[in-house]
Amino acid sequence: MVDKECQDTAVPALCEGAVKKVHKDRVQHPDKNYIDPIEIEMKDQHAYSFHVNEEPDGKPWYHNIKKFLATQEYPENATNGQKRALRRLAICYFLNGEVLYMRTPDIGLLRCVDATEATRLLEEIHAGTCGPHMNGFTLAKKILRAGHFWMTMENESIRYVQKCHQCQIYRDFIRVPPNELNVMGSP
1 MVDKECQDTA VPALCEGAVK KVHKDRVQHP DKNYIDPIEI EMKDQHAYSF
51 HVNEEPDGKP WYHNIKKFLA TQEYPENATN GQKRALRRLA ICYFLNGEVL
101 YMRTPDIGLL RCVDATEATR LLEEIHAGTC GPHMNGFTLA KKILRAGHFW
151 MTMENESIRY VQKCHQCQIY RDFIRVPPNE LNVMGSP
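Each residue of the sequence shown is one higher than the last, beginning at 1 in full-length UniProt numbering.
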């Protein structure tokens, strides 16, 4: 027999079987335990967004390297270990006016970019400027081939691809169970 409350609900099958009584927005389970209802919030559109992590002080990641190359001065309150690390890092970089470049082993130069430009590059190159959607490692390699660099480029490329809506919809379905094997007679 179905309760009067259950006839008004959208799911009468639950009312007949597992649900016995509604008590102050809680549902009583057959084991006499009360279960809080689940609240689900639906959005009208997808909320996919990605931004490269910025420095907490608002300066680009290469600020100390650029300042050291321009003035040969260390940051305030830098320890001896930090000064040594900054000198070693600065060897790999080249400052041309206001633009900082990273030297590569094959005598190439990669322009160092800040967080806002890195986000723009990820969006443009992944969307199809240098080919269609690709995985994170390939995206990082294409950004390097385009002549740009930032320290966390590979990790952020992988994270960007993982958050790309189209890549998630059209990816290979690895978890799909295999089809039945067809029996073939031997000759």
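Note that the Cβ used here is the ideal one computed from N, Cα and C, for glycine as well.
According to DSSP, residue pairing for VAL99 in a beta bridge involves ASN96. Pairing ASP106 with TRP150, the inter-Cα distance amounts to about 18 Å. Between PHE94 and LEU86, the C-beta gap is not smaller than 9 Å, which leaves the two residues out of contact. The region 70-86 and the region 120-128 do not touch, with fewer than 3 CB-CB distances between them shorter than 8 Å.
In this structure, DSSP gives HIS63 a helical state, which the three-state scheme calls helix. In this structure LEU110 is in contact with HIS148, their Cβ atoms being roughly 6 Å apart against a cut-off of 8 Å.
The secondary-structure analysis by DSSP pairs PHE149 across a beta bridge with CYS112. Distance check between LYS163 and each of HIS133, GLY81 and ASN80 places HIS133 closest, using alpha-carbon atoms only.
Rounded to the nearest angstrom, the gap between the Cα atoms of ASP57 and GLN168 is 34 Å. Buried is the label assigned to MET153, since at least 16 other Cβ atoms lie within 10 Å of its Cβ. Looking at GLU156, GLU76, TRP61 and LYS66, the one whose alpha-carbon comes closest to that of ASN96 is LYS66. The distance from the Cβ of VAL161 to that of LEU139 is about 6 Å, consistent with a contact at the 8 Å cut-off. Across the set GLU98, MET102 and GLY81, the C-alpha of MET102 shows the shortest separation from the C-alpha of ALA90. For GLY81, the secondary structure class from DSSP, reduced to helix, strand or coil, is helix. A distance below 7 Å between beta-carbons, with the five flanking residues on each side excluded, links LEU121 to the following residues of its chain, in chain order: VAL113, ILE143 and HIS148. In the displayed model, CYS167 falls within a helix according to three-state DSSP. Assignment of HIS126 by DSSP, reduced to helix, strand and coil, places it in the helix class. Leaving aside the five residues that flank PRO60 on each side, the residues in its chain whose CB is nearer than 6 Å to its CB run, in chain order, ASP114.
One Cα belongs to GLU76, the other to ALA118, and the distance between them is close to 28 Å. Judged by their CB atoms, SER157 and GLY185 are not nearer to each other than the 9 Å cut-off.
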